[in-house]
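Read through the structure below, which is laid out as structure tokens, and then see the notes.
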Amino acid sequence: MQPFTIHAGVVAALDRANVDTDQIIPKQFLKRIERTGFGRFLFFDWRFLSDGTPDPRFDLNKPEMAGATILLARRNFGCGSSREHAPWALADYGFRAVIAPSFADIFHSNCFQNGMLPVTLSEDAVDELFQRAAACSREGRPLRLSIDLESGVVQVPEAEAAGRPFRHTFATDPFRRDCLLRGLDAIALSLAHADRIAAWERSHGIGAPPAPSRP
Amino acid sequence: MPAPRTLLDKIWDEHVVCAPPGELPLLYIDRHLVHEVTSPQAFEGLRIAGRGVRRPEATFATPDHNVPTTDRRLPIADLISRQQIDTLRANCREFGVRLFDLDDADQGIVHVIGPELGITQPGMTIVCGDSHTATHGALGALAFGIGTSEVEHVLATQTLRQAKPRSLELRVEGRLGPGVTAKDLILHLIGRLSTEGGTGFVIEYTGSCIRALRMEERMTVCNMSIEAGARAGMIAPDAVTFDYLRGRDHAPRDFDAAVARWERLPSDPGAAYERVEVFDAAAIVPQVTWGTNPAQVVGVDGRVPDPTTFADPFERDSGVRALAYMGLTGGTPIVDIPVDRVFIGSCTNSRIEDLREAARTVRGHRVASRVRAMVVPGSGRVKRQAEAEGLDRVFLDAGFEWREAGCSMCLGMNPDTLAPGERCASTSNRNFEGRQGKGGRTHLVSPAMAAAAAVAGTFVDVRQWHDHA
Chain A
1 MQPFTIHAGV
11 VAALDRANVD
21 TDQIIPKQFL
31 KRIERTGFGR
41 FLFFDWRFLS
51 DGTPDPRFDL
61 NKPEMAGATI
71 LLARRNFGCG
81 SSREHAPWAL
91 ADYGFRAVIA
101 PSFADIFHSN
111 CFQNGMLPVT
121 LSEDAVDELF
131 QRAAACSREG
141 RPLRLSIDLE
151 SGVVQVPEAE
161 AAGRPFRHTF
171 ATDPFRRDCL
181 LRGLDAIALS
191 LAHADRIAAW
201 ERSHGIGAPP
211 APSRP
Chain B
216 MPAPRTLLDK
226 IWDEHVVCAP
236 PGELPLLYID
246 RHLVHEVTSP
256 QAFEGLRIAG
266 RGVRRPEATF
276 ATPDHNVPTT
286 DRRLPIADLI
296 SRQQIDTLRA
306 NCREFGVRLF
316 DLDDADQGIV
326 HVIGPELGIT
336 QPGMTIVCGD
346 SHTATHGALG
356 ALAFGIGTSE
366 VEHVLATQTL
376 RQAKPRSLEL
386 RVEGRLGPGV
396 TAKDLILHLI
406 GRLSTEGGTG
416 FVIEYTGSCI
426 RALRMEERMT
436 VCNMSIEAGA
446 RAGMIAPDAV
456 TFDYLRGRDH
466 APRDFDAAVA
476 RWERLPSDPG
486 AAYERVEVFD
496 AAAIVPQVTW
506 GTNPAQVVGV
516 DGRVPDPTTF
526 ADPFERDSGV
536 RALAYMGLTG
546 GTPIVDIPVD
556 RVFIGSCTNS
566 RIEDLREAAR
576 TVRGHRVASR
586 VRAMVVPGSG
596 RVKRQAEAEG
606 LDRVFLDAGF
616 EWREAGCSMC
626 LGMNPDTLAP
636 GERCASTSNR
646 NFEGRQGKGG
656 RTHLVSPAMA
666 AAAAVAGTFV
676 DVRQWHDHA
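These protein sequence lines map, in sequence, to chains A and B. 1 is the number of the first residue of the first sequence in the working numbering; add one for each residue after it. 216 is the number of the first residue of the second sequence in the working numbering; add one for each residue after it.
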């Protein structure tokens, strides 16, 4: 997994609450059997007009949000289906982090499996970011942020804050953070406890099948 | 004396394999259900890493999301769908996983066949790469949806990394009125909780109303826990649960010994939940969603709300957007909304009791000329049972289509979809934009409400159905 340590990038501001995974990646694109290639289908029904051209009204299609790597959204982002195709599509499009006041549980854990950082900030802090993004938009320039996972800090880089600093801290489960910082293989970490798993199985009358169905 | 524990505490404690310092606990998983959409990348991951499936005998697979519900003898026309199903077949063969394939008499929606075959049992931990896995909690299991990386993790280790969720008791006292169903109950609760009110929690549904529900009704309730944000919902096992499971194919051989174990699962008197909400069943009326998330719901005797009056700015914005998408105007009585399509099916409402409820409503009627209506049973078994009872004739005579088992128009991954602008009364679980087809407009309702709408061509209050009929 790609580690996440410090990331600086352009913000795409999607001013909607309850963005569900059916919007992030509509069901007609779930038939692929690979993990890659979902980026071009991200937010498909919002992003493209019926003739297949980009809808200029949709936030991600605004020129100042081109090349964005940080997605900003309102509360309950990623609700609905468990489809990991949602973080796959976000990552494939180029996003490394999503900032919102709250996330749906399954989406939240799916992010960590894919080197993508969900950052939970207060409603007020998120609101301020939306206002800054709107101000940047009016001036036709991008809003940039930097996110430091180890210290748990989101900020507008000093030079750009121009007398109006933005600096907020966020919390991440220490184990998830460690896995993300180091890009660890979750399965290998768990298999390090294989003896404990086998002991649990024995104590529950589950015959040791340790010859797995495939070596 | 040990502290009193909840149902969740007991299942959780039993399944923690280890909780090493600095790591999240490893939770043992008893049953893993697999379908064609969220598993191919997981099996591929195993292959790349040279790993196997730790307990193939605890893993069960079936194609359901993307299967056609028409004649099963014909090849699947959609080549990409066919490839996904062929991939599931090949993976199950390679890794030794039991597959209920399309030609298997027991094929069906994964959350219908798990309980029906007795694979789902009280006290178990059950996962599936699908957010409606909460359904299995109706039998007193801790069951929740996971992503594909976690599917791979469970295949390889039979465990999951999990922080213990918080507990939320939703206590529903009293009786549901005539014509008011488990679907109305859960839609009402979601409306009260909001789509994120249950985030971070496992819901335990308790109270006299819940105890009085049949097994299928309990599954409908637990199924939609995720629509309130809760990853799992559960109901303590009791005589209803044990009677349902007795004699099922995968039920324990020494059933009485299992019952003795299961009887210890319900929450101890005095066990503390982190949050408790109490509801009155008698106050609930048949529900209809008006918007594009399941919490945007109102009683059938009500009107489409005017979201510009909502206090919360996000609810206001999302309500305005929803009405524009749904082609509705605030203030319109729900019973004045016409429907074009009716879908009876999905892991929420495709079990035999659901089909009986719908058939009772349509018996002796015809589907309105403007409406196209279909019934999609949840499994091969449900279909055969319904046919043995003559329910298929009731539906066919009324002008419904009678299909093969699958997820079908709940998410429209197969050819069963809405056309843009079409309005559907649906017994499924999500009314998100585009869920049933791009531009399609979904109203979530109970099977009886869907059946009545098919006949009337508009929503009707099923409590007056027999006067109406």
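All C-beta atoms in this analysis are idealised placements derived from N, C-alpha and C, irrespective of residue type, glycine included.
query	result
Residues that V154(A) bridges to, as DSSP identifies them	I147(A) and H168(A)
Cα-Cα separation between R390(B) and G485(B), rounded to whole angstroms	24 Å
Three-way DSSP call (helix, strand, coil) for V436(B) in this model	helix
Listed by chain order, chain A residues near S296(B) by CB distance under 9 Å	K31
Three or more C-beta pairs below 8 Å linking the stretch 284 to 297 of chain B and the stretch 618 to 628 of chain B	yes
Simplified DSSP assignment, three categories, for Q298(B)	helix
Reduced DSSP category for G360(B) - H, G, I as helix; E, B as strand; rest coil	strand
Spatial distance of V189(B) from V503(B) (CA atoms)	Absent from the structure is residue 189(B), since the part of chain B shown begins at 216 and ends at 684.
Collapsed DSSP secondary structure at F529(B) in the structure displayed	helix
Chain B contact residues for R75(A), given Cβ-Cβ distances below 9 Å	E411 and F529
Alpha-carbon to alpha-carbon, A663(B) and V677(B)	7 Å
Under 8 Å by beta carbon: chain B residues contacting P174(A)	G237
Beta-carbon proximity check, A451(B) vs G355(B), cutoff 8 Å	yes
Within chain A, partners of H368(B) - CB distance below 9 Å	Q113, A186, I187 and S190
Close beta carbons around D607(B), own chain, < 7 Å, minus the five adjacent residues each side	A601 and W617
Buried/exposed call for D279(B), threshold 16 Cβ in 10 Å	buried
Chain-ordered neighbours of D51(A) on chain B, where CB pairs are closer than 7 Å	Going along chain B, no residue has its Cβ under 7 Å from D51(A), so there is no contact; the nearest lies around 13 Å.
Any C-beta of chain A under 8 Å from that of N646(B)	no
Residue-chain proximity (P3(A), chain B), Cβ-Cβ < 8 Å	no
C-beta contact flag for E489(B) and R381(B) at 8 Å	yes
C-beta neighbour in chain A for K598(B), strict 8 Å	no
Three-state class that DSSP yields for C343(B) in the structure shown	strand
First through last residue of the beta strand (DSSP E) which encompasses M449(B)	A447 to M449
4 or more residues per run - each alpha helix (DSSP H) lying fully within the stretch 537 to 606 of chain B	567 to 577 and 595 to 603
Cross-chain neighbours of Q23(A) in chain B, by beta carbon under 9 Å	F647, E648 and G649
Meets three-Cβ-pair contact criterion under 8 Å: the stretch 85 to 102 of chain A and the stretch 24 to 42 of chain A	yes
Anticipated Cβ contact below 8 Å, H368(B) with S190(A), distance rounded	7 Å
Buried versus exposed, by CB contacts within 10 Å (16 or more), H351(B)	buried
I197(A) beta carbon less than 8 Å from that of T340(B)	no
6 Å CB neighbourhood of L241(B) in its chain, flanking five on each side removed	V232, C233 and T374
Beta-carbon proximity check, A68(A) vs V10(A), cutoff 8 Å	yes
4 or more residues per run - each alpha helix (DSSP H) lying fully within the stretch 45 to 118 of chain A	85 to 93 and 105 to 112
Residues that G333(B) contacts on chain A, provided the C-beta gap is smaller than 9 Å	Neighbours of G333(B) on chain A: none; closest Cβ ~18 Å, over 9 Å.
Which of helix, strand or coil DSSP assigns to I418(B)	strand
Cβ-based neighbour list, M116(A), same chain, cut-off 6 Å, excluding 5 preceding and 5 following	P87 and A91
Spatial neighbours of H230(B) in its chain, beta-carbon cut-off 6 Å, leaving aside the 5 residues before and after	L242, Y243 and T340
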